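Undergrad:
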Amino acid sequence: MIGEKHLSMLLKVCMVTGATSGIGKQTALELAAMGATVILVGRNHQKCMRTSEMINAKVPTADVDFIVADLSSQEQVQDLAAEFRRRYNRLDVLVNNAGGVFLRRQTSVDGIEMTFALNHLNYFLLTNLLLDILRTSAPSRVVNVASGAHRNSPLDFDDLQAEKNYVFRNAYGQSKFANIIFTYELARKLEGTGVIANVLHPGLVATNIGRDNGILAKLVQPLIFRRGLPVEEGARTVVYLASSAEVEGVTGKYFFKERETKSDPATYREEDWRRLWEISAQMTGLVGGMDSLSGSR
Ligand SMILES: NC(=O)c1ccc[n+]([C@@H]2O[C@H](COP(=O)([O-])OP(=O)(O)OC[C@H]3O[C@@H](n4cnc5c(N)ncnc54)[C@H](OP(=O)(O)O)[C@@H]3O)[C@@H](O)[C@H]2O)c1
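Counting in our numbering, the sequence shown runs from -9 upward without gaps.
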């Protein structure tokens, strides 16, 4: 499970969102096994408890903690960041991983289309709220879990919340496109700070994603994912980007199977990076806020 190319994770503090299932859960387990202090973030207290117990059972020396937050709610993302600060004074690795697929259009408590709120704005807001602590902990890392589904899904800036036409596959693909261009802009803004930011596609992985869509999805989803990779494979590139010595100093790159590769050509338009950043800062109330890096470029 742990290759020699990995840095020692002893004394490293890692936060993993969406750590109660699938790729995030496996990532948390592996980072804990490498000696890191791991803070699980999940929306369900019981699931956080169970995941923490599972990790402790498999890795008796594990140092695992958890914080409960519904990451589709901006207030809860704010509370999560505040609670983290109360408990810790450093953050070496932030893994933004929590996400979902929503067959029908729905809105978050903030009135924002759910896929955009959970899959993108959550990454944006949480990262910005923790940037100062990441910077004082440098060298540190942000790892954003995107998807190959971003291909052929350029952001429709005129309809970011799919108000005109909601197709779940497009909404998901665009949110993953947003993960990528957010990472590119973040890396650009963080140049020279010692904080690196990279983004990845985990492959098609057999997880619970998509099950939050009623009984039909619960029945169909396991069939679709029967051909998916085991979670150990799905977590591989996440763990690699969080811990590998090979990635030291590498920033603003897209990875698949532990290799740097190109994302969709449309993700390299820098004006889109800036535009999404500005819109996201407005939608999360970060404009002019603390250390949001949302100033001019
Ligand atoms: N599976 C794939 O084939 C695949 C492919 C490409 C990319 N990805 C990406 O991989 C990431 C992880 O997905 P997965 O496949 O591991 O799916 P998963 O098994 O469904 O895990 C998703 C995690 O996110 C959490 N989550 C969902 N909604 C949340 C909310 N509102 N607030 C807080 N946490 C929430 C879930 O919590 P619960 O445990 O409470 O449900 C769970 O811990 C996602 O970003 C996804 O886009 C997956």
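Using N, Cα and C, we set each Cβ at its ideal position, and we do this for glycine too.
The model shown is predicted, which means the values in this text are computed figures rather than measured ones.
Do you know whose CA, among CYS4, PHE245, ASN118, lies nearest ASP179's CA?
TA: According to the sequence as given, residue 179 is Lys; it is not Asp. Here the closest residue by C-alpha is ASN118.
Undergrad: Can you name the start and end residues of the alpha helix (DSSP H) that TYR162 belongs to?
TA: Looking at the DSSP string, the run of the alpha helix (DSSP H) that includes TYR162 is 158 to 179.
Undergrad: Thinking C-alpha only, which one of LEU276, LYS252, LYS247, ALA225 is nearest GLY8?
TA: When only C-alpha atoms are compared, the closest one is ALA225.
Undergrad: Could you give the distance in angstroms between the alpha-carbon of GLN211 and the alpha-carbon of TYR156?
TA: Distance between the alpha carbons of GLN211 and TYR156 is about 20 Å.
Undergrad: Which residue marks the beginning of the beta strand (DSSP E) containing PHE74, and which one marks its end?
TA: Taken as a continuous stretch (DSSP letters only), PHE74 belongs to no beta strand (DSSP E), being part of the alpha helix (DSSP H) at 64 to 77.
Undergrad: Rounded to whole angstroms, what is the Cα-Cα separation between LEU276 and GLN36?
TA: Approximately 32 Å between the Cα atoms of the pair.
Undergrad: Is THR10 near ligand 1, going by C-beta to nearest heavy atom under 7 Å?
TA: The answer is yes for THR10.
Undergrad: Measure the Cβ-Cβ separation of LEU0 and ARG33 and say whether it is below 8 Å.
TA: No, Cβ-Cβ distance for LEU0 and ARG33 is not below 8 Å.
Undergrad: Return the first residue and the last residue of the beta strand (DSSP E) that VAL54 is part of.
TA: Start and end: 53 to 58.
Undergrad: DSSP puts MET5 in a beta bridge; with which residues?
TA: Bridge partners of MET5: ILE29, LEU84.
Undergrad: Determine the DSSP secondary structure at ILE102, reduced to helix, strand or coil.
TA: Residue state, collapsed to three classes: coil.
Undergrad: Between the alpha carbons of ALA187 and ARG216, how many angstroms are there, rounded?
TA: Rounded to whole angstroms, ALA187 to ARG216 spans 32 Å at the Cα level.
Undergrad: At what residue ranges does the segment 184 to 234 contain a whole run of the beta strand (DSSP E), taking only runs of 3 or more?
TA: As far as the segment 184 to 234 is concerned, its whole beta strand (DSSP E) runs of at least 3 residues are 185 to 191.
Undergrad: Assign PHE172 to buried or exposed, taking buried as 16 or more other Cβ atoms, counted over all protein chains shown, within 10 Å of its Cβ.
TA: Buried is the call here.
Undergrad: From the DSSP output, read off the bridge partner residues of SER339.
TA: What the structure shows of the chain is the stretch from -9 to 287, and residue 339 is not part of that stretch, so it cannot be assessed.
Undergrad: With a threshold of 7 Å, establish whether the CB of ILE57 neighbours any heavy atom of ligand 1.
TA: Checking every heavy atom of ligand 1 against the Cβ of ILE57, none is found closer than 7 Å.
Undergrad: Can you name the start and end residues of the alpha helix (DSSP H) that THR126 belongs to?
TA: Start and end: 112 to 126.
Undergrad: Is ASN142 near ligand 1 - that is, is its Cβ less than 7 Å away from at least one heavy atom of it?
TA: It does not: the Cβ of ASN142 is nowhere closer than 7 Å to a heavy atom of ligand 1.
Undergrad: Take the Cβ of ARG159 as the centre, count every other Cβ of all protein chains shown within 10 Å, and call the residue buried at 16 or more, exposed below.
TA: When all chains shown are included, ARG159 counts as exposed.
Undergrad: Please confirm whether any heavy atom of ligand 1 lies closer than 7 Å to the CB of ALA88.
TA: Because some heavy atom of ligand 1 lies under 7 Å away, the Cβ of ALA88 counts as near it: yes.
Undergrad: Measure the beta-carbon distance from PRO220 to GLY184 and round it to whole angstroms, keeping in mind my assumption that it falls under 8 Å.
TA: In fact, because the Cβ distance is near 34 Å, the residues do not count as touching under 8 Å.
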